[in-house]
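Residue numbering for the sequence shown is 136 to 314, as defined by the working numbering. Here a beta-carbon is modelled for each residue, glycine too, at the ideal position from N, C-alpha and C.
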Amino acid sequence: MTHAPALLRRIRFCLAVVVLGLLVSGVTAFPLREELSFARDVLAQLNVGSVLPGAVWWVNHVAEGLDATAAAYPFIAYGTDWLAFAHLLIAVAFVGPLVDPVRNVWVIVWGLVACVGIVPLAAIAGAVRGLPLGWQLIDMSFGVVAAVPLVLALIWTRRLARGIPSASPVRAEPQEAAR
């Protein structure tokens, strides 16, 4: 039990990394057109096209697609607004494990399930939608990278749970206490 505060700090750090990643992903999903316009300008100024012509072509192609879609069908961007909101909402789900990882270990497991699900989604939807394989691999890497701190948090949470006496972490519900 003497290691409990250190384990709790490690767990919270890992979960904070995941939450930060979700928040950044969520916030940056709102201004996609502006971000891609900026990326297009930076790639052109740095002459990245001479080294990575495929990547520069793809960024330009996506930026043109977003611009054309926004001009003709601006309401389509509402879908990425929901994507952004979903990232922010998923980040909020990790508040429970940040406060009490043992009681909310299921959220950590749920996060790992989501990470695993990213790989087939990116492979299948990416292929169906015509994304280059490199971009599909980048998308898959988000699930793989997020799984690392979640696996560590899960291991340490289970270790923490084994060190807690069975009666102390759970308070009896009022109905049960009356019995």
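Excluding the 5 residues preceding and the 5 following residue i in the sequence, name in chain order all residues of the same chain whose CB lies nearer than 6 Å to its CB.
i	result
residue 261	271
residue 305	Note that residue 305 scores a pLDDT of 45, beneath 50, so its modelled location is shaky and nothing firm can be said.
residue 136	For residue 136, the predicted model reports a pLDDT of 49, less than 50, meaning its position is unreliable and no value from the coordinates is stated.
residue 240	292
residue 143	none
residue 140	none
Taking C-beta to C-beta, are residue i and residue j nearer than 7 Å?
i	j	result
residue 197	residue 171	yes
residue 269	residue 222	no
residue 225	residue 288	no
residue 257	residue 274	yes
Return the chain-ordered list of same chain residues with a C-beta closer than 7 Å to the C-beta of residue i, the five sequence neighbours on each side being excluded.
i	result
residue 297	none
residue 302	No answer about residue 302 holds up, because its pLDDT of 41 lies below 50 and its placement is not dependable.
residue 218	164
residue 307	Residue placement at residue 307 cannot be trusted, given a pLDDT of 48 that sits under 50; the coordinates are not used to answer.
residue 193	267 and 270
residue 195	175
residue 156	281
What does a CB cutoff of less than 8 Å around residue i pick up in its chain, not counting 5 residues either side in sequence?
i	result
residue 167	201, 212 and 215
residue 204	211 and 212
residue 220	161
residue 158	222, 223 and 226
How close, in whole Å, do the beta carbons of residue i and residue j come, if the pair is a contact with beta carbons under 8 Å?
i	j	result
residue 175	residue 233	About 37 Å separates the two Cβ atoms, so there is no contact after all.
residue 267	residue 184	That pair is no contact at about 15 Å.
residue 388	residue 253	Outside the shown range of the chain, which is 136 to 314, sits residue 388, and nothing can be said about it.
residue 246	residue 285	5 Å
Any Cβ of chain B within less than 7 Å of the Cβ of residue i?
i	result
residue 248	Going by chain labels, chain B is absent from the structure shown, which holds only one protein chain.
Subject >> Three CB pairs or more closer than 8 Å across the stretch 143 to 160 and the stretch 268 to 287 >> reply: yes
Subject >> Runs of alpha helix (DSSP H) lying entirely within the stretch 222 to 280, each at least 4 residues, in chain order >> reply: 230 to 234 and 240 to 263
**OP:** Please specify which runs of the beta strand (DSSP E), each continuous and at least 3 residues long, are wholly inside the stretch 151 to 229, giving them in chain order.
**Re:** none
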